[in-house]
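K.L.:
This is the structure I have questions about; it appears just below.
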Amino acid sequence: MDRLRLEHELAVSRLRPARWQQYADAYGRRLGDAGRERAQLLAWLAAPHPASAVLTPLPGPDQEGAHRLCLVAGGWHLSWRIPPGDLALFAHVPFRAESAAAHPVPDLHDQGALIRRHVRLLAMEGVVQPGLAGTAGESPPTPPGGP
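The working numbering puts the first residue of the sequence shown at 3, with every later residue one more than the last.
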């Protein structure tokens, strides 16, 4: 009886690493998808900022071709690290060979606060300007072509 139980436990134990590897692979795919979506959103964000958006190479051997996207939005300097595999999404952004150190890099926490504040200001602007979002409490206008 003990032998059967031990054989069963051994078989179950051998299956555990494969199951955990499947979980790790699934999480890895999700992380990759999230990273790609982040890069697409940053490329989209850079498009309406052609006067300030710039890509600069990150210095250091550990950066392996990564660049920094720098732009000014709402009067604030913002920047993000862009991995080499996502650079093709930024073909519309000018490249400068100068070091990324030439651009101020905000603290990540501060940058998040700046972005949240800017979004709130843009949202308030939409409420205040009647042509943008209508009056508060009203339904947004119907898109052309009907619902």
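From the three backbone atoms N, C-alpha and C, an ideal C-beta is built for every residue, glycine too.
What runs of the beta strand (DSSP E), each 3 residues or longer, lie entirely inside the region 21-72?
P.N.:
Runs of the beta strand (DSSP E) inside the region 21-72: 56-59.
K.L.:
Candidates P63, L89, L57 and Q65: which alpha carbon is nearest V74's?
P.N.:
Position 72 of the sequence shown holds residue 74. V74 has its Cα closest to that of L57, out of P63, L89, L57 and Q65.
K.L.:
Express the C-alpha separation of H94 and L44 in angstroms, rounding to a whole number.
P.N.:
Position 42 of the sequence shown holds residue 44. Position 92 of the sequence shown holds residue 94. Answer to the nearest angstrom: the Cα atoms are 12 Å apart.
K.L.:
Which residues does DSSP list as the beta-bridge partners of S81?
P.N.:
Locating residue 81 in the sequence shown gives position 79, where the first residue counts as 1. S81 pairs with C72.
K.L.:
For the structure I just gave you, are there three or more beta carbon pairs, one from the region 85-100 and one from the region 117-129, closer than 8 Å?
P.N.:
They do not touch, by the three-pair rule.
K.L.:
Measuring only the C-alpha atoms, how far is L33 from S54?
P.N.:
In the sequence shown, counting from the first residue as 1, residue 33 sits at position 31. In the sequence shown, counting from the first residue as 1, residue 54 sits at position 52. The alpha-carbon atoms of L33 and S54 are separated by roughly 29 Å.
K.L.:
May I have the straight-line CA-CA distance separating W78 from L116, to the nearest angstrom?
P.N.:
Along the sequence shown, one-based indexing puts residue 78 at 76. Along the sequence shown, one-based indexing puts residue 116 at 114. Roughly 7 Å separates the two Cα atoms.
K.L.:
Below 8 Å on the Cβ atoms is my guess for A90 versus P59; work out the distance and round it to an integer in Å.
P.N.:
Here the question's residue 90 lines up with position 88 in the sequence shown. Here the question's residue 59 lines up with position 57 in the sequence shown. 16 Å between Cβ atoms; not a contact.
K.L.:
To the nearest angstrom, how far is it from the Cα of D64 to the Cα of R70?
P.N.:
Start at 1 with the first residue of the sequence shown, and residue 64 comes out as number 62. Start at 1 with the first residue of the sequence shown, and residue 70 comes out as number 68. Whole-angstrom Cα-Cα distance: 14 Å.
K.L.:
Under 8 Å, do A80 and Q42 count as touching if we go by C-beta distance?
P.N.:
Start at 1 with the first residue of the sequence shown, and residue 80 comes out as number 78. Start at 1 with the first residue of the sequence shown, and residue 42 comes out as number 40. Checking the displayed sequence, the identity of residue 80 turns out to be Leu instead of Ala. For L80 and Q42, no; Cβs fall outside 8 Å.
K.L.:
If you drop the 5 nearest sequence neighbours on each side, which residues of the same chain put their C-beta closer than 8 Å to that of H51?
P.N.:
Numbered from 1 along the sequence shown, position 49 holds the residue referred to as residue 51. Same-chain partners within the cutoff: L73, V74 and A75.
K.L.:
Judging by CA-CA distance, which residue of D4, F92 and G128 is the nearest neighbour of A49?
P.N.:
Taking the sequence shown and counting its residues from 1, one reaches residue 49 at position 47. The candidate whose alpha carbon is nearest that of A49 is F92.
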